[in-house]
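These protein sequences, in sequence, are chains A and B. So the first sequence is numbered by numbering that gives the first Met the number 0: it starts at 0 and just counts up by one. So the second sequence is numbered by numbering that gives the first Met the number 0: it starts at 0 and just counts up by one.
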Amino acid sequence: MVVPIACYLVLAAVLFSIGIAAFLIRRNIITIFMSIELMLNAVNLTFVAFAHMWHQLSGQIFVFFVMVVAAAEAAVGLAIIIALFRVRQTLNVDQVDLLKN
Amino acid sequence: MQIALFIIFGLLAVAGALNLLFQRHPINSALSLVVVMMSLAVLYWSLGAEFLAAAQVIVYAGAIMVLFVFVVMLLNAGEEDRTHGSKIAYIAGIPGAAAIFCLLSFVFLSERGQFGTTQLGGYLTSSVSNISEISHILFTSLLLPFEVTSILILVAILGAVVLARKEL
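#1: Consult DSSP for A/N91 and reduce its assignment to one of helix, strand or coil.
#2: For B/V221, report the span of its alpha helix (DSSP H) as first-last.
#3: Between the region 59-84 of chain A and chain B, which residues of the former have CB atoms less than 8 Å from a CB of the latter, in chain order?
#4: Specify the secondary structure class of A/N27 as computed by DSSP and reduced to three states.
#5: For the alpha helix (DSSP H) that B/N129 lies in, which residues bound it at each end?
#6: By DSSP's criteria, A/V109 is part of a beta bridge. Which residues make up the other side?
#7: Would you mind working out which of A/I28, A/V47 and A/N43 sits nearest A/D96, comparing C-alpha positions?
#8: Using only CA atoms, which one of A/A50, A/V1, A/H51 and A/S16 lies nearest to A/S34?
#9: In chain order, what residues of the same chain lie with their CB nearer than 6 Å to the CB of B/S38, ignoring the 5 residues before and after it?
#10: Is the CB of B/T148 under 8 Å away from at least one CB in chain A?
#11: For a cutoff of 8 Å on Cβ pairs, would you count A/I35 as touching chain B?
#12: Counting Cβ pairs closer than 8 Å, one from the region 25-42 of chain B and one from the region 62-74 of chain B, do we hit at least three?
#13: Note down, in chain order, every chain A residue with its Cβ under 7 Å from the Cβ of B/S104.
#14: Kindly give me the distance between the Cβ atoms of A/A48 and A/L8, rounded to whole angstroms, as I take these residues to be in contact under 8 Å.
#15: Determine, for A/V2, whether the minimum Cβ-Cβ distance to residues of chain B falls below 8 Å.
#16: Buried or exposed for A/H54, please, with buried defined as at least 16 other CB atoms from any protein chain shown within 10 angstroms of its CB.
#17: Could you round the C-beta distance between B/F114 and A/A5 to whole angstroms and report it? I think they count as a contact, below 8 Å.
#18: Please name the residue in A/Q88, A/I79 and A/N40 whose C-alpha comes closest to that of A/V13.
#19: In whole angstroms, what separates the C-alpha of B/Y43 from that of B/F100?
#20: Starting from the C-beta of A/F22, find all residues in its chain whose C-beta is less than 8 Å away, skip the five residues before and the five after it, and write them out in chain order.
#21: If we ignore side chains and look at the alpha-carbon of each, how far apart do A/F61 and B/Q55 end up?
#22: Please state whether DSSP places B/R23 in a helix, a strand or coil.
#23: Could you give the residue range of the alpha helix (DSSP H) that holds B/E49?
#24: What whole-angstrom Cβ distance do B/V35 and B/A16 have, given they're in contact under 8 Å?
#25: Which chain A residues sit within Cβ distance under 8 Å of B/T116?
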């Protein structure tokens, strides 16, 4: 049995939407960061599926670079979270509102 | 074979993502994200991207998630508490995500005839190995971007060290 490419794309859409919902609903800054990673993974799945569809490697190269940038982003973002926690003693995004007033 | 792999690991990925959404404790969310990434690695492999499947396990499930779990433990993050902002987020977030999902799946399903199907034991071009193809491209035509990413990683390491220092 073969699987249509559209199934992979719909699965990626499901994961991306769950990532958006988690990004908007969750209040913990670490979990919000994790949902960003989930969305990146969903987009990576789309890239790989399209690379398979066109028999081209460009999509896989794209995914490789997305992985590299995601690793760098995770390192810097988690360092920012640690620095923020030192100053504010909280991880709740609702209590980090210095720019609001 | 391929459809069994897709159904099993697709459902596992969706279940892990939903668990990430509904768990209250960050460490549970992190571990369910590991499940999502592992099942995505199997899906990459079934799409003929062996190198990316390995890189997904090593980089994402290995390095990045260990970093997340480490930070959760370092900051002693407990269960998150519901605040006023989360009610607004519920009202806006669920319909927004549902709308984006409906739009994307409508486009994908209405064009599904043009996408074609997949075969296991993926092939891309005439080359034997996926890894040799990728490395050939990375070290010839994409050599400059590949080297620039190493500088990016170096900058990210320095930035993380500077940001996480005691006296900022």
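Glycine residues also receive a C-beta, built at the ideal position from the N, C-alpha and C atoms.
Reading from the atomic positions:
#1: strand
#2: The structure shown does not extend to residue 221 of chain B, since chain B spans only 0 to 167, so no value can be given for it.
#3: Q59, I60, V62, F63, F64, M66, V67, V68, A69, A70, A71, E72, A73, A74, V75, L77, A78, I79, I80, I81, A82 and F84
#4: strand
#5: N129 to F138
#6: Residue 109 of chain A lies beyond the stretch modelled for chain A, which goes from 0 to 100, so this question has no answer here.
#7: A/I28
#8: A/S16
#9: F8, L11 and A12
#10: yes
#11: no
#12: yes
#13: V9 and A12
#14: 6 Å
#15: yes
#16: exposed
#17: 5 Å
#18: A/N40
#19: 22 Å
#20: I31, S34, I35 and M38
#21: 13 Å
#22: coil
#23: E49 to A54
#24: 5 Å
#25: V1, V2, P3 and I4
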